[in-house]
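For reference, the structure discussed in these notes is given below.
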Amino acid sequence: DTQLHVQVRVARLGTRFVLLLAEDRTESYRLDEVRRDFVANISHELKTPIGAIGLLAEAIESASDEPAEVKRFAKRLTIEADRLGRLTHEIIELSRLQAAEPLASAEKVDIDSVVAQAVDRNRVAAESHRISLVSGGDAGAEVYGDEQLLVTAVHNLIANAIQYSPDGFRVGIGVSNVDGVVEIAVTDQGVGIPESERDRVFERFFRVDNARSRHTGGTGLGLAIVKHAVQNHGGDVRVWSQQGSGSTFTIRLPEASKAPVPPAPAPSAG
Ligand code: ADP
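The C-terminal position of the sequence shown is numbered 279 in the working numbering, with every residue numbered one higher than the one before it.
Here it is, written out as structure tokens:
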């Protein structure tokens, strides 16, 4: 029972005629799906050996009778295996999101709890950079969706705010609910994003070319995951930024009581 995907275009010819063009896109949808599954499957297969490499490298690093040089290389190996592990994890996550199916597990999710979980998951990273996470406000609201996906989205924004701030600075997390639109804003006083790059940061694998990005060991997938996760919930994400003085990323989601049915995801291209 294949689903048929038809793209319809409408053109007006003068004042009396309308031209309707219908294009059968079923095959290209199917190929997209095959490509996504393929990428997700390979990434899944890579997870186990990468995990093993990381563990073995750690074992060498902590073996007391190894020469210092060997330990130094083992440490680098651990760092790279860790990065590869994150990359495969994020590729799987993103290909799952891009399947653009209506949310499989749409349930009412408490937004204040989502934000609290995302903050908690960043505490260790924040402490190691002496960054204080300052939360304020509450939504007192629920949205339809997938709780873990929403936690991941907010987590990624906070993790970036920490990564792209100098040690010892603050990161603010503000939650509000205005007329049925739930807003989660993450603000930092970090390096900021040049205006020319601002629209591109949500693209897959895009990373601003600055000293900071080179040293964080990021994957360039974090914000693409945020964008797709939020769109799948019928919401959007925006960025405000000033180079050198900081950035604010804002997620907006429709409150469940104002959305009578679980929202269909926006089509996700790119
Ligand atoms: P990465 O894994 O590189 O952090 P992301 O998709 O999360 O990937 O972000 C893409 C790029 O956007 C980053 O490499 C960084 O250059 C820029 N960026 C993201 N968040 C911030 C922020 N809070 N402040 C400054 N730059 C940011």
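Beta carbons: idealized from backbone N, C-alpha and C, even for Gly.
No experiment lies behind these values; they were computed from the predicted model shown.
Here the alpha carbons of Val15 and Asp33 stand approximately 5 Å from one another. DSSP places Phe82 in no beta strand (DSSP E) but in the uninterrupted alpha helix (DSSP H) bounded by Ala77 to Gln107.
Between Gly154 and Ala115, the CB-CB gap stays under 8 Å. Within the chosen limit of 7 Å, the ligand ADP does not reach the beta carbon of Ile140 with any heavy atom.
Of the candidates Phe82, Arg95, Asp46 and Arg25, Arg95 places its Cα closest to the Cα of Gly226. Every candidate alpha helix (DSSP H) stretch fails here, since none sits fully inside the stretch 168 to 197 while reaching 4 residues.
Following the DSSP letters along the chain, one finds Thr259 inside the beta strand (DSSP E) bounded by residues Gly255 to Pro263. Residue environment analysis places Gly189 among the exposed positions, since fewer than 16 neighbouring C-beta atoms fall within 10 angstroms of its C-beta. Inclusion of Arg216 in the 7 Å shell around the ligand ADP follows from its C-beta lying nearer than that to a non-hydrogen atom of the ligand. Nearest C-alpha to Glu151 among Ala135, His138 and Asp121: Asp121.
Beta bridge pairing from DSSP links Asp147 with no other residue. Contact annotation, Gln252 with Pro203: C-beta distance approximately 5 Å; criterion of less than 8 Å satisfied.
By a beta-carbon distance limit of 8 Å, His98 does not contact Ala127. Their separation comes to about 17 Å.
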